[in-house]
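Protein chains in written order, with my numbering: chain A, 975 to 1351; chain B, 975 to 1351; chain C, 975 to 1351. Worksheet for the structure shown next.
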Amino acid sequence: CTQLTAQRQLDSTIKSTNPIIPIHKQNLLKNIDVIANMQWSLNNYFQDGKYQQSKFENDQFRLEIRGKITDRVSFRFRDRYTKVTEPGSLDNLSRSTDIASITINLAKKWDLTMGKMCADWGGYEFDANPIDIYEYNDIVEYSDNFLTGAMISYTANQQHQFTFQLMNSRTQTFEEIYDSIPGVTPSKFPVAANINWRGTMAGGKFQTIWSYSQFLEAQNRTMYYIALGNQLKLNKFLFQYDFKWSNEQLDRKGIVGSFVPKSILPYAPQNTRYVEHWLHVNFQPQKKLNFFIIGMVSNAYWYGNPDPNKDNHLRTAWGVIPGVEYFPFKDLDNLKFFCTYVGRFYKYSDYAKRTFGDVDTNTGRVSIGFICPLLIL
Amino acid sequence: CTQLTAQRQLDSTIKSTNPIIPIHKQNLLKNIDVIANMQWSLNNYFQDGKYQQSKFENDQFRLEIRGKITDRVSFRFRDRYTKVTEPGSLDNLSRSTDIASITINLAKKWDLTMGKMCADWGGYEFDANPIDIYEYNDIVEYSDNFLTGAMISYTANQQHQFTFQLMNSRTQTFEEIYDSIPGVTPSKFPVAANINWRGTMAGGKFQTIWSYSQFLEAQNRTMYYIALGNQLKLNKFLFQYDFKWSNEQLDRKGIVGSFVPKSILPYAPQNTRYVEHWLHVNFQPQKKLNFFIIGMVSNAYWYGNPDPNKDNHLRTAWGVIPGVEYFPFKDLDNLKFFCTYVGRFYKYSDYAKRTFGDVDTNTGRVSIGFICPLLIL
Amino acid sequence: CTQLTAQRQLDSTIKSTNPIIPIHKQNLLKNIDVIANMQWSLNNYFQDGKYQQSKFENDQFRLEIRGKITDRVSFRFRDRYTKVTEPGSLDNLSRSTDIASITINLAKKWDLTMGKMCADWGGYEFDANPIDIYEYNDIVEYSDNFLTGAMISYTANQQHQFTFQLMNSRTQTFEEIYDSIPGVTPSKFPVAANINWRGTMAGGKFQTIWSYSQFLEAQNRTMYYIALGNQLKLNKFLFQYDFKWSNEQLDRKGIVGSFVPKSILPYAPQNTRYVEHWLHVNFQPQKKLNFFIIGMVSNAYWYGNPDPNKDNHLRTAWGVIPGVEYFPFKDLDNLKFFCTYVGRFYKYSDYAKRTFGDVDTNTGRVSIGFICPLLIL
């Protein structure tokens, strides 16, 4: 009777009854995981070789709830505590919420996911748990990675899976991202389509995550994105290599836009391109120890520059991330301490320097901290 | 000893000890539900018959935790991820938090609820889980529905329950809602009182949720609200009819205020009235299928208009929502897919058109998506 | 296979498998607590003896998850729903998140905590669960109490524990707190160090929480803080006495800064000091009833005032909080109803009145409500 009185806007279809922890609840408790995804560190920052500052930072804190609700329905929710929480102007969900989706098993091999979800872009860099990334290369860093829509998955067999997504192409309105651009009309349905192949070959030694995407950014303005992720496992070595290519009829990343002074071009540039390589090598001589090095490069081009003397290539951004990870616990083998250096080197073309006044620069970060996806329930 | 070290601001009255899942915890696990209330859809918008735009939207995402703590104490918490989170300036709780309350069983038939809660207004439209509503009529849409205060419930028997609430009349200060109005002084205790009767008659075939409320908005400025909800179940048919009447000495809804140009009246109007009818018919020919149609109308009046040639009646807003719902799962029978049309038609009186320049308009929305109050733990 | 399809950015190191509630999960369920920390009341406010206003308020709502993950790792998370959620500009975590940390048992008697945590300042006032505090004295009220960093604990024995913390000295940047101050350069590593002793003597009758801290606020500008908390238990009586002393080379609390008109000093004052006494007496004649009175005083000094005729002592703020608490439930013995008066009396020195135009004032609050750290899972 307390129950009856207390509740309004109750959904009468949900009830929990009977003996101590009924079977239904036991199944949920077994199948649902609650995870605190954490990355914490003491970060020491450098600019052009000069020490700038140090601070303790909660680099990542993402609370996650996921699992199977019934044999055919599963759920995933992930929310950040390191991001502003106002709802996206296009998709209506808090910008801090990465994922809020359900997945329905339609038939043998076929699944349907609906809600806000990871855009299923290929590449091992993006597919990793974000807490395992010390710094993203430019494309992933400046993308809207969590989009609202639907996904169909076809799992051909244990070796090959294919997904197809249809989503909003962004979380915010055209006006919020681009303001206005002469001659460009916002699209009535800013939609993104993505196909993805995950393959496992050679008994798991070689794996791939390849994808192709198209984003309608405005009427007659599309973004084309290819990501080819490849992984090779050899004994104590793990190699991951991603190739990424983003052709943007409107400069969605805003990187080229940031090179050009507002006095020369007061709105977002058109016809930009970003081409990236990302290589990650792990050497794990024993269970408790991992050495890694990441090398990455991002090239930025502006083909839409009206200047007849232009050089399309404006900038090359290099990145190098060597480090070591230590896993102290056998019974919690995903908790690791790390020590890493993140170096970024930004080199502009002579044309960009001369015409736009851009200046080469580099940044560094020495970090020591811990990472864990902590299963708390 | 880890425990001892780790914790500060610990409440020493809470401890979990002993064998694997102690009885106390088992009881909690049995009695507490964690629910993800979701509505997601692809929405296609029309304005005055013309297609405007399409987008995927997370229409609703409200996380809920509720249940019995002990035999005499229960708890309810519900928080939206589709709303700004800054604390209410009057009640101090995040505006995204609908409910944060405890209910204490005082005696047989008597319960006391304290905290932020649903205002216990009558009417089946408001009493439904919000995820089951495709569009609210004007009164509910523009009300502060979740208020802080206390509620006494008296459950006479299985057929009749009465509640009495005393709450803040809003979540924000007078100044934030009304700015300032000449001749109107904010109240020192902006309080709302509400009485509600929930009745069940004819063996459950006929049910009611009737309520009467008074809101003190400012000194000598009260809002009176009557809502009479009635429900009839006949085999495969369900009929719900709500009558709502809101008499506002200060225009709390702001609807009439939005009709009048600021150049004619620079602050909130006084003595407005809203009168509404809402009819909902369900026809469920079989367990997995439901057809529904909702018809609604909202009339807006301004009795406080100083114009001697006034017409009190300024606008009639019509709404029609036909649709179909499909329940694919036997073991998750509250998950449904839906396809619906939401049409709204706004017709102004000749006086409003002539004097205030208001123009008739209509909007449409075609939506396809899913709804579920997903029990996740 | 639903699982496989649904998830991206999965951490493959987390899986839940096998029979209904596997042992690992049972251990988590046993050891992890989910707590809703609530304080709710009807507050009636007075200013200089004159009634101002009444309102229901959710004074406190902090959701907490904490417990042991494995024998050597524990976790704590606490988040407020009564505070803005934007991430701290220095520590990157939501300002509403008090605590997000893990504790690792390094060795017998030694533990290491990392993340955002309670600054381990001494004093019983700060060490209490915030829901048990009706009003803080000035130092705790105006401090950044939840900071990011690391803590080492040494538990000598059941009677004595020592902790050492190294943390950011704030959650926000220098510029956000102080704007700019002529002659003051922000520190490159704004760090705080804290040592704390918790002692238990005389068979638990006498206990202490003493601490000493240093905060680097800017280059050559340090804050020194001493807090000495002492507790005596005698039958039905509990006495707690805190002495607090904060010497601030930059006025971190901003209290002295608020006394001085911007026209006299347009930026934060230097060399301020706050000295406080806090006495709390509980008399619990029976299990269900507690009478308490808190007396507190806070003295504010400005030694850095350039005026040759200055009086260093600018203000004395008195506080008195008498009240009664009633515990209705045997099986939920931390849920209490309370009725309390909070009186604050602010008396300025003649110098402050004459030179800065400060005026004596007092405020009152009569509150009735409930408090509970509700174990919900």
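Note that the Cβ used here is the ideal one computed from N, Cα and C, for glycine as well.
- For PHE1301 (chain A), no alpha helix (DSSP H) run applies, since DSSP gives it neither H nor E.
- Any Cβ of chain A closer than 9 Å to the Cβ of LEU1002 (chain C) would place that residue at the interface, and such an atom is present.
- Note that the C-beta distance between SER1127 (chain C) and ASP1085 (chain C) is below 9 Å.
- Contact check for ILE1073 (chain A) against ARG1052 (chain A) passes: the beta carbons are separated by less than 9 Å.
- Around TRP1014 (chain C), the beta-carbon contacts reaching into chain B at under 7 Å are MET1088 and GLY1089.
- Chain order gives the chain C residues near ASN1032 (chain A) as ASP1065, ASN1066, LEU1067, ALA1074, GLY1089, LYS1090 and THR1122, where near means a beta carbon separation below 7 Å.
- Taking a Cβ-Cβ cut-off of 8 Å, the neighbours of PHE1344 (chain A) in chain C comprise ILE1076 and MET1088, given in sequence order.
- Its chain contains ASN1111, TRP1252 and GLY1293 as the residues whose beta carbon lies nearer than 6 Å to that of MET1270 (chain A), once the 5 sequence neighbours on both sides are disregarded; these appear in chain order.
- Its Cα nearest to that of GLY1297 (chain C), the residue C:LYS1310 stands out among C:LYS1310, C:LEU1206, C:GLN1205 and C:GLY1331.
- Put simply, the CB of LYS999 (chain A) is near chain B, with a gap under 9 Å to one of its CB atoms.
- If you check the CB distance, LEU1349 (chain C) and ILE1043 (chain B) come in under 9 Å.
- Given a length threshold of 3 residues, each whole run of the beta strand (DSSP E) inside the stretch 1256-1289 of chain A is given here in chain order: 1263-1276.
- A check of alpha carbon separations from LEU1067 (chain C) across A:THR1059, A:ARG1040, A:THR1329 and A:ASN1032 identifies A:ASN1032 as the nearest.
- Per the C-alpha coordinates, the member of B:GLY1203, B:LEU1239 and B:GLN1146 positioned closest to ASP1216 (chain B) is B:GLY1203.
- Selection A:SER1323, A:GLY1338 and A:THR1337 evaluated against GLY1331 (chain A) yields A:SER1323 as nearest (Cα-Cα).
- Non-local beta-carbon contacts of GLY1123 (chain C) in its own chain, meaning distances under 7 Å to residues more than five positions away in sequence, involve GLN1139, LEU1140, MET1141 and ASN1142 in chain order.
- Scanning the stretch 1312-1341 of chain B from its first residue to its last, the whole alpha helix (DSSP H) runs of 4-plus residues come out as 1324-1330.
- One Cα belongs to LYS999 (chain C), the other to ASN1005 (chain A), and the distance between them is close to 10 Å.
- Apart from the 5 residues on each side of it in sequence, LEU1206 (chain B) sits with its Cβ closer than 6 Å to the Cβ of PHE1180 and PHE1213 in its chain, given in chain order.
- By DSSP's assignment, GLU1150 (chain C) forms no beta bridge with any residue.
- Of all residues in the stretch 1300-1334 of chain A, the ones placed with a Cβ closer than 8 Å to any Cβ belonging to chain C are PRO1302, PHE1303, ASP1305, LEU1306, ASP1307, ASN1308 and LEU1309, in chain order.
- A distance below 6 Å between beta-carbons, with the five flanking residues on each side excluded, links PHE1211 (chain C) to the following residues of its chain, in chain order: PHE1257.
- For TYR1108 (chain C) and ASN1264 (chain C), the gap between their C-alpha atoms comes out near 15 Å.
- Residue burial is scored here from C-beta neighbours: TYR1248 (chain C) has at least 16 other C-beta atoms within 10 angstroms and is therefore classed as buried.
- Judged by DSSP in its simplified three-state form, GLU1191 (chain A) adopts strand.
- A Cβ-Cβ separation of about 7 Å places GLN1133 (chain C) in contact with MET1175 (chain C) under the 8 Å criterion.
- Shown here, ALA1081 (chain B) sits in a strand according to DSSP, grouped into three states.
- Between the C-alpha atoms of VAL1047 (chain A) and ILE1200 (chain C) there is a straight-line separation of about 56 Å.
- From the beta-carbon of ARG1046 (chain A), the residues of chain B found nearer than 9 Å are PRO1302, PHE1303, ASP1305 and LEU1306.
- For the pair THR1329 (chain C) and ASN1283 (chain C), the Cα-to-Cα distance works out to about 10 Å.
- Cβ-Cβ distances below 6 Å link HIS1254 (chain B) to GLN1214 and ILE1268 in the same chain, with the five nearest sequence neighbours on each side left out; the list follows chain order.
- For the 9 Å CB-CB criterion, SER1070 (chain B) and THR1059 (chain B) form a contact.
- Residues of chain C with a Cβ closer than 9 Å to the Cβ of ALA1166 (chain A) do not exist, since the nearest Cβ in that chain sits about 15 Å away.
- By DSSP's assignment, PRO1296 (chain B) forms a beta bridge with B:ILE1267.
- Under the Cβ criterion of 9 Å, TYR1025 (chain A) is counted among the residues facing chain C.
- In the structure shown, GLY1041 (chain B) falls within a strand segment according to DSSP collapsed to helix, strand and coil.
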